[in-house]
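In this text, residue positions in the sequence shown follow the UniProt record's numbering: the first is 1, and each later residue adds one. Note that beta-carbon positions come from the ideal geometry of N, C-alpha and C, so glycine has one too. Structure first, commentary second.
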Amino acid sequence: MMNPPPTSRTPTVNSDELLHIVTLAASQIPEQLKASTDRLKVLLDTHAGTYNALHRIAADPSQPLQVRQQSIIQFKNAALSHWRSRKLLSEDDRIQIRHRSFTFLSEADDTIAECNELIVGKIARLDYPHNWPSLFNQLMPVVQEGLLSLTSSPNATIQSTLSLRRSLKVLNSVIKEFSNMKMLTGIKTMSQVTDQLRNIILEYYSRLSPTILSIGGLLEQERTSACITVAHLVYKCLVRMALWSWPRIIKDAKGELTELQEWFLQLFQSSTAQLRALSELRINLILAVRTMPTSGPVTTLSIDRLTHHIRIFGKFFRRLQQLDPIKFVELPTCNEMVLYYWSKVVEATDHREGDMIQGTNVLSESVNIIQFVFIRCKIRLLPYTQSGSLYKQWSFSKRTLPDGPLSERAVQSRKPVRTHPEMTHSSLTSHPQRCHSSLSSTLSSCLSRVSFLLIRPDLEGWMADPEEWVNEEDKENEQWEFELRPCGERVLMTLAAQYRDYVVPLMESTFKEMIDRPTADLASVVQKEALYCAIGRCATKLRDVIPFNEWMRHKLVVEARETDPNFPIIKRRIAWMIGKWISDMCVPASDPVIWEILVHLLQDRGSGSDAVVRLTAANAVRECVDTASFDAAVFSPFLPATVTELLKLMSDADTMEMKQRLARSLKVVIECVDQQIVPHIQMVAEQIPTLWTAAGKEWLFKAQLLEVMKSLIMSSKEFSASLVPLVIPLVQESLSPGVAINLDEDGVNLWLAALRNSTSLQSTANSSLLQLFPLAMALLSCNLDLLGKITYIVESYFFVDAFLVLQTFSLDLMNAFMSVMRGQALQTNQRGVLNCVNFMMQLAPSSLWGEAVLRSGFFNHVIKILGDDESSSAMLTECVFVLARIALTDREMFIRLVSLAAQVENVHEAKIWEIILDQFWRQFDHMSEPRHRKLLALGIASLVSTGRPEVLERVPNEIFNLWTDVLYEVRESRNHTEDGEDGGLNLYWDVDNVPASYYAESQGTLEYYRRKSLLEHDPVRTLQLTTSIASALQAAERTCGAHIFKLDYLDKTDPTVLKQLQTELAG
């Protein structure tokens, strides 16, 4: 159905105004540019016809190029998101735009053409096939005509193939968009397009293939580079369709995609043959061009285009392997492809540094990387393919298809390929053990001779920027897929893992052969460095055959002290290798020679060392100390030098990334040596201010410095008092405006560590952690993000010296707590505040907090929560804990708080008592821990002892039932020593540890023991419940009188409950 035209309320754009605006927008005058851009945005969002007019301007060759470019860029950026807008685009607009898009196929400007490619692809995704059924009928004849002209004309040029190249790029863009569609309708569309085009495009490439393979003497002709470029664009379309088809083919259990599978197999087999032919052609061409006295730009362009085309084959195969590696290695001719790649690796042994012709390698490094990637994949999966289990399941391996036209021509044109004599497909299947041995030995040898060697660019990078070089070398990421040395290392590691029986003896013999070989020149140094690299990478496989400790004591320690200017290469690898062997737990970090070598490398600044060696040694120190086998006593003599050198390196480093790495190393050392760092804490502390100031706004490094300070405090514990003068300004700055957004969490962590390991809040040299308490109260009131951590900080202040804190800040603190309870804080944080108040009431007498609890409105707010029907049971339970703790701590204070709360709320006291006692009873069943149930029972007992009638009237039912339940669950008895003295309670109910949340992650700090002591001296653990209940009943009886107490309360009790209670109390 046709879309209705824009309504009359939508204004229509004025074409002349739009052209003027775009002209101004393309200018370089800032005032005009801003005004025109703003106006253009208004037109694009509000005026009908704007997009069609923009597209028309872009297609008008009479307009200035900058104006046309600006028009199509604006169209690309805005039109596609409004393409289906009825207000801004009529159906006629869309038809004109779709039709006009084909006029750009002959566009000379690349920017305009590239925008058009994207535009056509996006529009096709939205409109094909329903609103643009003629898309391929318009596009494919242009391709067909251009291809016919190219293949039939001996004088074709890059310019003459302009329309062909543009149309192929548009086709590729369309296929790319279709292949990315995930909805069922989009998948159906892509399937139809693939069925329609796959054989046509494969036939196009087959026509171009003979031309490419016969360019030997035609490099100077422009037609050569034109043919290669067009062939590359055609093959890209094939690759996109093949990669879309591959996952669907391997999941086709019903056999519905037989034709697609046969096409895919034909393409894959043909591609493997074409790869071999093109690769050999390229090598021969480069070698031939070298013999020429000069080579022109057309020759260089042709070879570059050929190299670029060869890479796409490897990328195609690599993507297939990533999508399903097991199915990939079972594809027919996959073995031959991998073996060919292997042959190129062998050839690369003699060309490691790369032969160049005007920037072109004979053996392209990027191709070598792809070769290694495929070899690694094949090595990993070969054991599975030999068994035949996959072979039987995978129909591709059983299918024999005739080679397609591409493959047939490629095989006829290619030169013989050099391979290892035993590395053939037949040997791979008929003599697997012999093949594995040959493969392992040859590949291992080539890896150490080829991919592991440092070459001139590596050494130049080493000298030019040592810090960046170390950072890149130590990154264990996906760079192995893009760089030759990391890729070769991964291949060797995979080989050693899969074929340990072959590789380990070979590496052992190589080690014995080379270990005593003199290193008199740079070549021998580089060769030994490669061996050390291999030994480090395969440490877990070699630990049983290489006597590492003996080698280290007799050889490495000597090499580490060499003064040869070439030896930094080996020294850096020695430090790295020691770190690998220790961190991989191949040898324990208990030999002093380890630290002798690493610390020497860390501090050596002689002619035989450099920055790379020292930085690598710093990282190796971190790896070695951060292991389970680390012995701090053995390391202790080397600790001062290690700390000194790490600080010196941190100060000298130029890049913040390296400073951060060195700070991490120092942090790990401090953490692992624990209190052995105490004699050296001032050495570290004195450097922090300088480093902090120099860091400026490098927040990541500053955060790392805060982590170092935290580790210093955590390790020194009670000896950390001297660090308080430094902690205070660091915390204050970290939480200051403009800085807090980057460092607030790290600053709070340092603050918390300092409190948890502090022994006092009293002033030390005019610096006291109590100075920071106002900041804690301010953060409680305004910082919801840090609320949980700030609550822990307040708790820590209480555990250090609750008396001092409350004497100074009780009312202000309770007001801060109230801001949390009344504000938008999460319920979890509000419960944390209630728990903090509970600790406060345990750690300080009521005289310090009672008045503040009342004046701040905290007690009334708790009553309000208890009376709110929408309050959660978790929140209600925490409130009950607080009230029970007040009652247990000071019942007179409790009664006073209830009385004053009733006055504030202007209600009778009985109403307050009713709310409290109702929730005491209701929340009892929500308490899972025996200590909490006993706390409530003790709190109620304390209230019963007051003789308050509001409490006593609940004794016959709720209170007696609650006590009976708790007494049945909480079994305990009084211990007595031989001389009759009280030996404390035997708590039969306390069989489980308190939840980890009680300690709030304070393990390893002084606060942990303070929390533990508070728990052990809690009245809940020290008061016997039966004694407390009996005493409370006696006190109530005295207050009321025995007769009235019996008549009004005991006689109303269920006899069974009363008898049970009396039995428990008597027991």
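For the pair of segments examined, the segment 88-106 was found to touch the segment 46-57: the number of CB pairs separated by less than 8 Å reaches three. At the C-beta level, L723 and I670 stay beyond 8 Å of one another.
Under the DSSP assignment, A611 falls in the alpha helix (DSSP H) whose first and last residues are 611-625.
Counting along the chain, A231 sits inside the alpha helix (DSSP H) bounded by residues 222-250. Annotation for V1020: R931, K934, L935, L938 place their beta carbon closer than 7 Å to its own, counting only its chain and skipping 5 residues before and after. Excluding the 5 residues flanking it on each side, A778 has no same chain C-beta neighbour closer than 7 Å. Residues of the same chain with a CB within less than 6 Å of the CB of S295, apart from the 5 flanking positions on each side, are V289 in chain order. Judged by DSSP in its simplified three-state form, T519 adopts coil rather than helix or strand. 8 Å or more divides the Cβ of L615 from the Cβ of L646. Taking 4 residues as the shortest admissible run, the segment 827-881 contains the following complete alpha helix (DSSP H) segments, listed from N- to C-terminal end: 827-843, 846-855, 858-867. At a cut-off of 4 residues, the continuous stretches assigned as alpha helix (DSSP H) that sit fully inside the segment 51-119 are 65-78, 91-100.
By the Cβ criterion, the segment 1030-1049 is not in contact with the segment 738-753, since fewer than three pairs of Cβ atoms, one from each stretch, lie closer than 8 Å. A residue is called buried once 16 or more other Cβ atoms fall within 10 Å of its Cβ, and I1044, having fewer, is exposed.
Short of 7 Å from the beta carbon of A641, and not among the five residues preceding or following it, lie these beta carbons of its own chain, in chain order: V599, Q603.
According to the DSSP assignment, C672 belongs to the alpha helix (DSSP H) that extends over 656-673. In the three-state reduction of the DSSP assignment, E972 falls in the strand class, which pools E and B.
Rounded to the nearest whole angstrom, the C-alpha separation of E733 and L700 is 15 Å. Counted as a single uninterrupted DSSP element, the alpha helix (DSSP H) harbouring N284 occupies residues 258-290. If you draw a straight line from the Cα of S590 to the Cα of A721, it is about 32 Å long.
Between V643 and V684, the beta carbon gap of about 6 Å places them in contact (Cβ cut-off 8 Å). T291 sits away from E222, with the two beta carbons spaced by 8 Å or more.
The continuous alpha helix (DSSP H) containing Q1060 extends over residues 1055-1066. In the DSSP annotation of this structure, the continuous segment of the alpha helix (DSSP H) that includes W551 starts and ends at 548-551.
Residue pairing by DSSP places L987 opposite E972 in a beta bridge.
With three or more CB-CB distances shorter than 8 Å, the segment 271-289 counts as touching the segment 313-323. Under the DSSP assignment, F328 falls in the alpha helix (DSSP H) whose first and last residues are 325-329. Looking at the DSSP output, A910 sits in no beta bridge, so it has no partner there.
DSSP, reduced to helix, strand and coil, places A754 within a helical segment of the structure shown. Using a C-beta cut-off of 8 Å, the segment 531-543 makes contact with the segment 487-497, since at least three inter-stretch Cβ pairs fall below that distance. Ranked by Cα distance from F894, the first of S847, E559, R1038 is S847. Bridge partners of A48 according to DSSP: T12.
With a cut-off of 8 Å on Cβ pairs, the segment 908-928 is in contact with the segment 875-883, counting three or more such pairs. The alpha-carbon of N180 is positioned some 40 Å away from that of M656.
Per DSSP, L213 is one residue of the alpha helix (DSSP H) stretching across 184-213. In the three-state reduction of the DSSP assignment, T889 falls in the helix class, which pools H, G and I.
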